[in-house]
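Comments concern the structure below.
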Amino acid sequence: MVNKISSGEDRIVNTLVYVLLGAIGLCALFPMLYVFSASVTPYSEVLKNGGFVIIPTSLTWNGYKQLFQQAAIPKSLHVSVYITVVGTLVNMVLTTLMAYPLSRKDLPGRGALLFTIIFTFIFSGGIIPTYLIVKNTGLLNTVWAMIIPNAIWSYNVLIMKSFFDQLPEEIYESAKIDGAKELRILLQITVPLSVPVILTLSMFYAVSHWNEFFQAIMYVSSRSLYPLQVVVRDILTQSASADVTSADMVPTLTLQMAAVVMASLPIILVYPLIQKHFTKGMMLGSVKG
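For the record, in the sequence shown the residue sitting at position 70 is 70 according to the UniProt record's numbering, with numbers rising by one throughout.
Rendered as structure tokens:
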């Protein structure tokens, strides 16, 4: 009798959980659906519905056509893809090479290094000193100005270090008995066991690089080196100040929503592929500080 009551209560709880998760999922999906609908809905229909359309009755791709007709879009896509791929690779290599030694308890000066990393959470160098460093190192007006200044995130180093701390110490001891050096242990043992946290941090870095805007307007003056986000901003600014009553002009709202979809779509497509590892990496990386 008790088991039947418990089973009934479990079904009720599970049902409530599924309903709650479904409602949260709809709340997350709704803005994305609205943005996409507004980007493909004729502006006359948007106005007729008070600026709010979820399921359009007719479609128009003029917003996307105008975006891709811009000569700067292909160049900016190339720049964004380059800094995302190369930048994420640089980030992960340096973050791993920094986190692994810090996870070894016999590292000399380990406490001072950890304090230095934590110190950066409280104080930063500031915009002007960072700009001067970028200028004096010859990175100004290059794609590397959007990669090197944020090559390592202190927070991500600590996450990866915490993950490494949880790996069994016996594995390292066995490898050392077999004559393996630290670099071989890192590449052949630690990295293969750390796929979840590596994919998680790679996602963090990749999203940041794909959305690069601030460093581009700070350190890059050549328009041929602008990433996608900066070029989209310029197009939207020009569209907002243009005569939208012209028959050849796409309404600003349609262009804005099309730009949001185009800039967000790659990340939306990639995330489901690593969702399982992303969730696992977040859980394991936060167990131990």
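All residues carry an ideal CB built from backbone N, CA and C; glycine is no exception.
query                                                                                                                                                             : result
In its own chain, which residues sit with a C-beta less than 8 Å from the C-beta of V157, not counting the 5 before and 5 after it?                               : T95, M98, A99, L102, I117
Check A247 in the structure and name its three-state DSSP category.                                                                                               : The predicted position of A247 is uncertain, since its pLDDT is 46 and thus under 50; a value taken from the coordinates is nonetheless stated next. Looking at A247 - three-state DSSP - the assignment turns out to be coil, as it is neither helix nor strand.
Please list, in chain order, all residues of the same chain as S221 whose beta carbon is under 6 Å from its beta carbon, the five residues on each side excluded. : N141
Alpha carbon to alpha carbon, how far is I235 from P74? Give it in angstroms, no decimals.                                                                        : 13 Å
For A247, which residues of its own chain have a beta-carbon under 6 Å away from its beta-carbon, when the five flanking residues on both sides are left out?     : Since pLDDT at A247 reaches only 46, below the 50 mark, its modelled position is unreliable, and no value is offered.
Between Y172 and the rest of its own chain, which residues show a CB-CB distance below 8 Å, the 5 nearest in sequence each way excluded?                          : I185, I189
With three or more beta-carbon pairs closer than 8 Å as the criterion, would you say the stretch 252-264 touches the stretch 37-48?                               : yes
Are the beta-carbon atoms of F213 and S194 separated by less than 9 Å?                                                                                            : no
Which residue comes first and which comes last in the alpha helix (DSSP H) that contains G50?                                                                     : Looking at the DSSP string, G50 is not in any alpha helix (DSSP H), and its letter there is neither H nor E.
Within the chosen definition, does the stretch 205-212 reach the stretch 75-94 through at least 3 CB pairs nearer than 8 Å?                                       : yes
Smallest Cα separation from F30: which of V13, F52, N14, T15?                                                                                                     : F52
Rounding to the nearest angstrom, what Cα-Cα distance links P196 and T60 in this structure?                                                                       : 41 Å
According to DSSP, is Y131 helix, strand or coil?                                                                                                                 : helix
According to DSSP, is D178 helix, strand or coil?                                                                                                                 : coil
Smallest Cα separation from Q215: which of L201, V230, F204, Y205?                                                                                                : V230
In this structure, how does DSSP classify A151 when only helix, strand and coil are distinguished?                                                                : coil
Suppose contacts are defined by Cβ-Cβ distances below 9 Å. Is residue 314 in contact with T254 by that definition?                                                : Here the chain comprises residues numbered 1 to 289, so residue 314 is not present and cannot be evaluated.
Return the residue from the list V143, M218, K161 that minimises the CA-CA distance to I127.                                                                      : M218
Beta-carbon separation of L201 and N91 under 9 Å?                                                                                                                 : yes
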